[in-house]
Each structure stands twice: as C-alpha cells, then as structure tokens.
Amino acid sequence: MIKNIIFDLGGVILEIDKNKTISAFENLGINFHQIIDIEFWEDLNTKFSGAYSLSQFSEKIRHESNTKISNEEIEKAWVALLGNFDLEKMRWLKSLSKNYKLFLFSNTDSIHVKEFEKKCLEQCGKPLESYFEQTYYSNKLLLRKPDSKSFDKVIKLSNILPDETIFIDDKLENVEAARKSGLFAHQLTSPSKLTQLDFVNIENIIY
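According to our numbering, the sequence shown is numbered sequentially starting from 1.
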C-alpha cells in the first residue's frame with residue numbers, strides 16, 4: 001500500500017525552460033553550451049561538493065568566459081529557466097497531502113533554491129516546505145540523483161519504507177535509479193500532466 005510520494009521539482013511541479021537561461025547568457029556575451037559543459041560541473045562539484053555559492057559559481061563563469069559580468073547579472077541569467085508556480089497545482093498538492101505523506105527531492109543549487117522558494121512564497125502565499133513533510137535538495141544532501149546513495153539517504157532521513165513509496169520524476173534515468181533502490185517510480189512527461197495522475201487508483205501509476 002502506497003503511503004508516501006516523493007516529487008521532483010523542476011519538470012514535475014515547476015515548469016523549466018532552459019532556453020531562457022541560454023538566451024540570457026547569450027545576451028551577456030556568453031555561449032552557454034561552450035562554457036557550461038560536463039567539465040564545468042565536474043570541476044565545480046569537485047571543489048565545492050555541489051554546495052557552491054553564487055560568488056563561487058559566478059567566478060567560475062567569469063573565468064571560463066573571460067568576462068567581467070557581475071554576480072547579479074549571472075544570477076539573473078541562471079534563474080531565468082525557472083517558471084512560475086501554478087496555484088491550482090499547489091492546492092492539489094495540499095489536498096493530496098491529506099491521504100499521503102509528501103516529500104520533495106530536487107537536484108539543485110543554492111542559487112535556484114533561493115529563487116524558487118521566493119517565487120513560491122510570493123505566488124502561493126506559503127513557503128514551499130509547507131506543502132511537504134520534508135524537502136531535500138542535492139546541494140544540502142551533497143548527493144545527486146541518479147546516485148542510488150541519494151535515494152537511500154532520502155528514504156532513511158524520511159523514515160519511510162521503499163515499498164510504500166512512489167517517486168515522480170521527469171527524467172528516466174532518475175526513475176530507473178529509484179526503482180533499483182526499491183521505490184515504485186513513475187516518469188512524468190510534462191508538468192501539466194501531474195494533476196491528471198490517478199492517485200485514487202494508484203496502481204494505475206505504479207504498473
């Protein structure tokens with residue numbers, strides 16, 4: 001019997017448009033794909049274990065792009081991809097919490113956390129954490145999906161059983177990793193489809 005639901009944020013609850021961030025960096029004279037590649041993230045995460053600050057992120061951008069743009073300009077470009085919170089969807093989550101324990105698990109950084117928590121408070125009138133039993137962010141856990149250790153840690157910290165829990169994410173690799181950790185999991189193809197999931201007959205989602 002499913003008692004718990006773990007949600008991803010971006011691409012599930014919150015719309016994400018990476019093209020807006022790409023365009024914002026291009027307007028600053030930065031080729032996003034040329035600068036922010038796999039090596040960029042590996043170096044940043046090796047140095048700061050995923051818990052980098054705006055200043056550290058900005059310095060890395062300036063170094064790689066050989067520019068002198070400000071922290072504020074970089075922050076604005078980096079958070080441009082974050083969409084707005086849908087009030088009806090958030091009310092739906094509140095209603096769902098009457099029957100299930102809800103958790104949030106997102107791969108993110110402190111820059112995005114600051115922005116989407118601010119957006120939720122402004123647009124919904126409540127802090128994001130108020131919709132969940134617990135919120136887990138990779139920059140705090142120092143673990144990222146699809147690492148199986150990240151799921152194991154969330155399960156342990158939440159004091160829940162994997163076979164009583166379903167995980168909802170937009171990325172197949174994360175869904176498959178969650179299943180390997182013993183969780184039920186469902187890949188959501190669009191945030192607009194979230195409220196269409198049949199949690200009354202939850203076996204329709206699991207199987």
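Every residue gets a Cβ at the ideal spot worked out from N, C-alpha and C, and that includes glycine.
Note that this is a predicted model, so its numbers are computed, not measured.
Here's the rule I'm using: 16 or more other beta-carbon atoms within 10 Å means buried, otherwise exposed. How should residue i be labelled?
i: S65; result: buried
i: P191; result: buried
i: V12; result: buried
i: D198; result: exposed
i: D163; result: exposed
i: N204; result: exposed
i: D169; result: buried
i: T21; result: buried
i: N31; result: exposed
i: D37; result: exposed
Of the residues the options, which one's Cα is nearest the Cα of residue i?
i: I74; options: E88, D86, F57 and N84; result: F57
i: N159; options: M1, E176 and K101; result: K101
i: K156; options: I13, D170 and G182; result: G182
i: K145; options: L197, F40 and G50; result: G50
i: A77; options: H112, S95, K98 and S97; result: H112
i: Y131; options: G10, K118, S97 and S110; result: S97
i: L81; options: F184, V200, A24 and K193; result: A24
i: N107; options: N4, L9 and I206; result: L9
i: K18; options: E42, G83 and I38; result: G83
i: L14; options: F116, S95 and V200; result: F116
Take residue i and list the residues in its own chain whose beta-carbon comes closer than 8 Å to its own, dropping the five residues that flank it on each side.
i: V154; result: I6, F103, F105, Y136 and L141
i: S148; result: A177, K180 and S181
i: L212; result: Summary: the structure shown does not reach residue 212, with the chain confined to residues 1 through 207, and so no result is reported for it.
i: S70; result: S58
i: F40; result: K60 and E64
i: T189; result: D170
i: I166; result: I2, N4, I5, I6, L183, F184, A185, H186, I202, I205 and I206
Quick check on DSSP: helix, strand or coil for residue i?
i: L157; result: helix
i: T67; result: coil
i: F208; result: Past the edges of the chain, shown from 1 to 207, lies residue 208, and the structure says nothing about it.
i: L121; result: helix
i: I16; result: strand
Apart from the five residues just before and just after residue i, which ones in its own chain have a Cβ nearer than 7 Å to its Cβ?
i: C124; result: F85, L87 and M90
i: T195; result: K89 and W92
i: D152; result: S181
i: R62; result: K68 and I69
i: L143; result: K149, S150 and K153
Who are the Cβ neighbours of residue i in its own chain at under 6 Å, not counting the five residues just before and after it?
i: Q187; result: L172 and V175
i: L44; result: Y52 and K60
i: I35; result: E64 and S65
i: D109; result: N139
Under 7 Å, Cβ to Cβ, is there at least one residue of chain D near residue i?
i: I168; result: The structure shown has no chain D; it contains just one protein chain.
- Please list the segments of the beta strand (DSSP E) lying wholly inside the region 30-112, counting only runs of 3 or more residues, in order along the chain. 101-106
Handout entry: Any beta strand (DSSP E) of 3 or more consecutive residues that is wholly inside the region 142-202
Key = 165-169 and 184-187
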